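Heads up: the structure comes next, in structure tokens.
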Amino acid sequence: MREPFSIRCRSCQHQTPYTQPYTVCPQCGQSWLDAVYDLSLVAHQWPAALAQYGASLWRYRDLLPIHNPANIVSLGEGWTPLIQAHNLGLLLGHDHIYIKDERQGPTASFKDRQAAIAVSVMKEAGITEAVVASTGNVAIAYAAFCARAGIKLWTFVTSSVPAEKMREVALYGAEVIKVAGTYDQCKQVATEFAQSKGIFLDKGVRAISAKEAMKTLAFEVAEQLGSIMAGSDYTLPNPGRFAWKAPDWYLQSVSGGLGPVGVIKGFRELKAMGLIDRVPKLAIFQVAGCAPMVNAFQNSSPVPFDVENPTTDITTLATGKPGEAYQVLREMIQEHGGTMATVTDAEAFRALHVLAKMDGLSVEPATGVTFAGLFNLIHQGIIGRDEVVVVNCSGHTFPVEKHIVGEQHTRDMVLAEDAAAPGREEGLLTALEELDPRVQRIAIIEDNPDATRLMRRILQAQGDFHIEEATNGLDGLNLIRRTRPNLVILDLMMPGLDGFAVVEAMKADAALQDIPIIVITAKTLTPTEKRWLDSQVDGLWEKGSFMDVDLLSHIRGKII
Ligand SMILES: *Cc1c(COP(=O)(O)O)cnc(C)c1O
Ligand SMILES: [Zn+2]
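Quick note: the sequence shown, position 142, residue 145 per the numbering used here, numbers continuous.
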């Protein structure tokens with residue numbers, strides 16, 4: 004049983020019952036429309052209702068713009084995992100980073116939510132043909148859901164969208180119109196096409212369905228975080244078993260700004276219903292080559308600084324003229340806190356690779372932008388060490404993998420032609436040995452297993468180190484004496500013989516004194532300790548304050 008809701012126009016505040024998918028305000032003709040619900044009524048019904056609904060975004064149907072559930076077009080969207088980034092957290096010295104894994108939606112981005120709801124709304128309205136402009140992922144998601152709903156779809160994309168993405172759209176049977184121009188021009192062409200043909204045009208962030216779709220991200224995060232904070236299983240729905248919880252931050256890279264507009268609307272509704280105690284701060288990121296929102300925000304401008312010709316390889320984020328969405332987002336940040344910042348394409352690609360190597364998630368460059376932004380905000384102290392952070396994460400790494408791992412990502416193994424020929428055994432053995440020469444041996448002496456895992460991971464991802472470990476100073480010293488490693492990575496605070504004593508013992512032993520030592524410590528050093536270590540060891544790193552590549556290049560330079 005759902006309650007009626009109404010729509011409100013952002014320009015004239017006119018409110019009217021929702022009876023059809025309006026694309027403009029019936030009073031003033033403007034097109035930014037929001038759905039408004041009787042939240043006190045829903046708050047009353049929800050605990051019982053949610054206990055019955057399954058684990059998909061449709062469990063929030065009482066706050067979604069569908070009248071009859073029979074019109075729902077579904078591919079299993081929503082209720083994506085909320086995964087803690089353990090290794091990345093260790094690298095950054097931050098324990099509360101959660102990844103909302105939207106890669107696990109039907110077409111691998113959070114646009115699946117938008118497509119599911121927009122296409123269901125179209126179906127309910129009897130629409131059989133539609134037009135959408137996209138920087139890539141919307142076209143893919145809409146194409147899949149339209150196929151299922153029997154709706155003919157025209158997608159307009161810029162020619163810089165990766166060919167792999169266009170092919171996926173075509174695979175689902177949608178028309179792909181490749182526009183040689185900017186994304187803003189592409190939107191204009193799509194609008195004119197829809198008008199001239201009289202076909203329904205999807206209005207993106209201005210449309211009700213899009214924002215309502217994105218708010219389900221907020222609902223899921225709050226429900227899942229509630230379970231996680233109570234030490235329970237986040238994969239199970241949590242209607243009222245544990246208190247729902249808002250994170251301190253929601254992070255996303257933006258193009259048109261739809262995601263965060265909808266997500267913050269969702270958190271506001273939860274707060275109005277008394278389910279959470281605050282709305283999170285919002286951090287949104289753009290690439291330096293297309294940052295109309297960030298540039299305006301940093302100059303306290305009420306309107307975006309439009310970018311005529313975006314210069315970025317990350318096409319997903321190439322909206323140069325975001326319009327009203329900027330104002331809405333700026334107001335949200337002014338009310339709830341947060342920030343807007345840029346990152347470079349290079350930082351984004353590096354962050355993408357770090358996340359894949361450290362925590363096993365392959366994401367697309369637009370998500371790399373969000374992670375690069377996260378690294379920066381943590382290093383700048385804008386995101387505090389105790390604050391809970393949720394990062395929106397989408398897939399589609401495929402089109403860019405070749406640029407990231409390069410051509411040298413396989414090791415070739417040649418087998419003898421004739422398997423029965425004598426000598427094959429030795430030949431195979433030699434080939435196997437060549438696969439893993441393990442020339443450089445490194446000893447890690449560290450009592451914290453998490454820190455050891457992190458070091459091992461950083462070195463392993465590089466491929467050619469042989470690593471041995473000890474968990475205290477005495478065992479460590481024995482290990483060094485026995486194996487004579489090419490490098491020692493040493494913690495300072497350990498039970499029994501501490502790191503300082505290990506350094507002293509090594510320097511006093513003629514056989515060990517030339518082995519380079521890199522100290523990685525969480526200890527706050529006194530000036531005397533620091534001076535002494537600087538004179539004895541080859542590198543001094545503070546835990547949580549370095550990136551893997553920095554450490555690796557340092558190690559490569561020191562190793563003997
Ligand atoms: C669409 C998209 C964005 C930008 O989202 P908006 O909220 O529309 O600005 C960022 N990352 C990915 C992966 C996307 O698909
Ligand atoms: Zn109006």
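Where is the CB? At the ideal position from N, CA and C, for every residue including glycine. Only a predicted model underlies this, so the values are computations on that prediction, with no experimental measurement involved.
TODO: Please list the segments of the alpha helix (DSSP H) lying wholly inside the region 210-263, counting only runs of 4 or more residues, in order along the chain.
DONE: 211-232
Open item on the list: Shorter than 6 Å, the distance from the beta carbon of A369 to the closest heavy atom of ligand 1, or not?
Closed with: Using a cutoff of 6 Å, the CB of A369 counts as near ligand 1, since one of the ligand's heavy atoms is closer than that.
- [ ] Can you tell me which of the three DSSP states I562 falls into?
- [x] Note: I562 maps to coil in three-state DSSP.
Task: Whole-number beta carbon distance between A173 and L156, since they are thought to touch under 8 Å - done: Between A173 and L156 the Cβ distance is about 11 Å, and since that is not below 8 Å, they are no contact.
- [ ] May I have the straight-line CA-CA distance separating F549 from N379, to the nearest angstrom?
- [x] 12 Å
Task: T314 vs G292 beta-carbon contact at 7 Å - done: yes
Task: Identity of the residues DSSP links to R11 by a beta bridge - done: Q18 and D37
- [ ] Answer with yes or no whether the minimum CB distance from C293 to chain D is below 7 Å.
- [x] The chain labelled as chain D is not found in the depicted structure, where only one protein chain is given.
Task: Residue interval of the beta strand (DSSP E) (run including E472) - done: Note, E472: beta strand (DSSP E), F468 to A473.
Open item on the list: According to DSSP, is Y25 part of a helix, a strand, or is it coil?
Closed with: Looking at Y25 - three-state DSSP - the assignment turns out to be coil, as it is neither helix nor strand.
TODO: Report the three-state DSSP secondary structure of F159 (helix, strand or coil).
DONE: Reduced to three states, the DSSP call for F159 is strand.
- [ ] Answer yes or no: do K218 and G269 have a C-beta to C-beta separation smaller than 7 Å?
- [x] yes
Open item on the list: Helix, strand or coil for A183? Go by DSSP, reduced to three states.
Closed with: In this structure, A183 counts as coil in the three-state DSSP scheme.
Task: Cβ pair count under 8 Å reaching 3, the region 118-129 against the region 53-68 - done: yes
TODO: Consult DSSP for A446 and reduce its assignment to one of helix, strand or coil.
DONE: strand
Task: Under the three-state DSSP convention, the category S137 falls into - done: strand
Open item on the list: Taking 6 Å as the limit between beta carbons, can you name the residues of its chain near M169, skipping five residues before and five after?
Closed with: V179
Task: Runs of alpha helix (DSSP H) wholly within the region 57-122 (minimum 4 residues, chain order) - done: 89-95
Open item on the list: Given 6 Å as the limit, tell me if S14 has its C-beta closer than that to any heavy atom belonging to ligand 2.
Closed with: yes
Task: Under the three-state DSSP convention, the category E437 falls into - done: helix
Open item on the list: Determine whether the beta carbon atoms of N395 and K206 lie at a separation below 7 Å.
Closed with: no
- [ ] Would you identify the three-state DSSP class for M550, choosing helix, strand or coil?
- [x] M550: coil per DSSP, three-state reduction.
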